[in-house]
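Peer 1: Chains as they are written, first to last, in the numbering used here: chain A, 147 to 315; chain B, 147 to 315.
1) CB residue 228/A to CB residue 167/A, shorter than 9 Å?
2) Does DSSP classify residue 309/B as helix, strand or coil?
3) Comparing C-alpha positions only, which one of 169/A, 222/A, 214/A and 147/A sits nearest to residue 269/A?
4) Is the number of C-beta pairs between the stretch 200-207 of chain B and the stretch 156-166 of chain B that are closer than 8 Å three or more?
5) What's the C-alpha gap between residue 189/B and residue 290/B?
6) Rounded to whole angstroms, what is the Cα-Cα separation between residue 179/B and residue 277/A?
7) With C-beta atoms as the reference, is residue 294/B less than 9 Å away from residue 279/A?
8) Give the residues of chain A in contact with residue 299/B, contact being defined as C-beta atoms less than 9 Å apart.
9) In whole angstroms, give me the CA-to-CA distance for residue 200/A and residue 194/B.
10) By how many angstroms is the C-alpha of residue 257/B removed from the C-alpha of residue 313/A?
11) Look at the alpha carbon of residue 285/A and the alpha carbon of residue 233/B, and state the distance between them as a whole number of angstroms.
12) So, helix, strand or coil for residue 192/B, using DSSP?
13) Return the CA-CA distance between residue 174/B and residue 226/A, expressed in angstroms with no decimal places.
14) So residue 170/B contacts chain D; which residues on that side make the cut at Cβ distance below 9 Å?
15) Secondary structure at residue 265/B, three-state DSSP: helix, strand or coil?
16) With DSSP collapsed to three states, give me the class of residue 197/B.
17) Got a sec: does the ligand ATP put a non-hydrogen atom nearer than 8 Å to the Cβ of residue 173/A?
18) Our contact map puts residue 240/A next to residue 212/A with C-beta atoms below 8 Å; I'd like the distance itself, whole angstroms only.
19) What residues of chain B sit near residue 191/A, judged by a beta carbon separation below 9 Å?
20) Taking all protein chains shown into account, decide if residue 296/B is buried (16 or more other Cβ within 10 angstroms of its Cβ) or exposed.
21) Looking only at its own chain, which residues have a Cβ that is under 6 Å from the Cβ of residue 260/A, when we skip the five neighbours before and after it?
22) Should residue 252/B be labelled buried (16 or more other beta-carbon atoms within 10 Å of its own) or exposed?
In structure tokens, the structure reads:
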């Protein structure tokens, strides 16, 4: 199977990503949500995140029959520590049956080239610690782990643990 | 030294955080930027990030003389995977000379209580992997590492590494 990388628009990206992202929605969240409702929220979220960036670009890997086999979305945004523009890779995804042909690497190169064309010197992303396959792939492609993302589950408040938050000073 | 936790406004938080964050700006970025310019960008960034959230809260730890010794900023935002509201701890900081008295823990409790009051079940944050002290503190306070944040430095494009990005399809 041969493929080429093309620049796509928001609609083409949403169409591909809506389907690709559905399996990553937690079971709990899926139970209370139809696919249509999910599609509505997915679009709203992508559009909302896009508006936060200085610029967005979508790249598609397209096979010989014109079918999209992978996609990437990068946004240029202002780093919250250095106040310089950095690239943030919101998504890079290749259909399972189309992996191992270099489509992901080609998408990543298109993203990097776009960032360089904007004078951007850093590309960042987040991925779950449980996704060892993705982390290995990013390491092989020149990424390094620079921060950790931590989460705490909030149970019901215990009486003695309550904070002494006072009204506005 | 005794302290109390109060809810603060955006201005009180900006004042504290502007000073506390300056040492974290990279040397390179500091060279090309006066403190005034930094202050302008800092305010712009905090205000911009605030607008992305459904709701923001600022808590201050204040000592007996009325001096702010610590601060926390939490925003409620929609999780990009589950589409449910989660708390994001943008900042929790205690002055070095005021550490070890529990001000950080008390600030964290105020943040958690606020999140619970909004029906939010998850609190998240990011911290550099190099900050082992912060990571230990968060682990002790019930946080777990769920994602990694990875970065790649983009050098100049090499001829052979160029992607075949085509104009919009």
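Beta carbons: idealized from backbone N, C-alpha and C, even for Gly.
Peer 2: Taking the definition as stated:
1) One-based indexing of the first chain puts residue 228/A at position 82. One-based indexing of the first chain puts residue 167/A at position 21. For residue 228/A and residue 167/A, no; Cβs fall outside 9 Å.
2) For this step, residue 309/B is matched to residue 163 along the second chain. In this predicted model, residue 309/B has a pLDDT of only 38, less than 50, meaning its place in the structure is not dependable; the value taken from the coordinates is given anyway. Of the three classes helix, strand and coil, the one that applies to residue 309/B here is coil, per DSSP.
3) For the purposes of this step, residue 269/A is taken as residue 123 along the first chain, with counting starting at 1. Considering only alpha carbons, the answer is 222/A.
4) A contact exists between the stretch 200-207 of chain B and the stretch 156-166 of chain B.
5) Taking the second chain and counting its residues from 1, one reaches residue 189/B at position 43. Taking the second chain and counting its residues from 1, one reaches residue 290/B at position 144. Approximately 30 Å, taken between the alpha carbons.
6) In the second chain, the residue the question calls residue 179/B occupies position 33. In the first chain, the residue the question calls residue 277/A occupies position 131. About 39 Å.
7) Within the second chain, residue 294/B is the residue found at index 148, counting from 1. Within the first chain, residue 279/A is the residue found at index 133, counting from 1. No.
8) For the purposes of this step, residue 299/B is taken as residue 153 along the second chain, with counting starting at 1. Counting only Cβ-Cβ distances below 9 Å, residue 299/B has contacts in chain A at 267, 268, 269, 288 and 290, in chain order.
9) For the purposes of this step, residue 200/A is taken as the residue at position 54 of the first chain. For the purposes of this step, residue 194/B is taken as the residue at position 48 of the second chain. Residue 200/A and residue 194/B: Cα-Cα distance of roughly 13 Å.
10) The residue given as residue 313/A occupies position 167 in the first chain. The residue given as residue 257/B occupies position 111 in the second chain. Any reading at residue 313/A needs caution, since the residue's pLDDT is 37, under 50, leaving its predicted position unreliable; the model's value is listed next. Cα-Cα distance, rounded: 14 Å.
11) Here residue 285/A refers to the residue found at position 139 when the first chain is read from its first residue. Here residue 233/B refers to the residue found at position 87 when the second chain is read from its first residue. If you take the alpha carbons of residue 285/A and residue 233/B, they lie about 29 Å apart.
12) Residue mapping note: residue 192/B aligns to position 46 of the second chain, counting from 1. In the structure shown, residue 192/B sits in a helix (DSSP, three-state: H, G or I).
13) Here residue 174/B refers to the residue found at position 28 when the second chain is read from its first residue. Here residue 226/A refers to the residue found at position 80 when the first chain is read from its first residue. One C-alpha to the other measures close to 15 Å.
14) Here chain D cannot be found, since the structure's protein chains are A and B.
15) Start at 1 with the first residue of the second chain, and residue 265/B comes out as number 119. If DSSP states are grouped into helix, strand and coil, residue 265/B belongs with coil.
16) Counting from one through the second chain, the residue named residue 197/B turns up at place 51. Residue state, collapsed to three classes: helix.
17) Annotation note on the ligand ATP: not contained in the displayed structure, which lists no ligands.
18) As a first step, residue 240/A is located in the first chain; it is residue number 94 there, counting from the start. As a first step, residue 212/A is located in the first chain; it is residue number 66 there, counting from the start. Rounded, the Cβ-Cβ distance is 16 Å, inconsistent with contact.
19) Along the first chain, read from residue 1 onward, the residue named residue 191/A stands at position 45. Going along chain B in sequence order, the residues near residue 191/A (Cβ under 9 Å) are 224, 226 and 229.
20) The residue given as residue 296/B occupies position 150 in the second chain. Buried: at least 16 other Cβ atoms inside 10 Å.
21) On the first chain, position 114 is the one that residue 260/A refers to. So the qualifying residues of the chain are 203.
22) Within the second chain, numbered from 1, the residue matching residue 252/B stands at position 106. Buried, by the Cβ-count rule.
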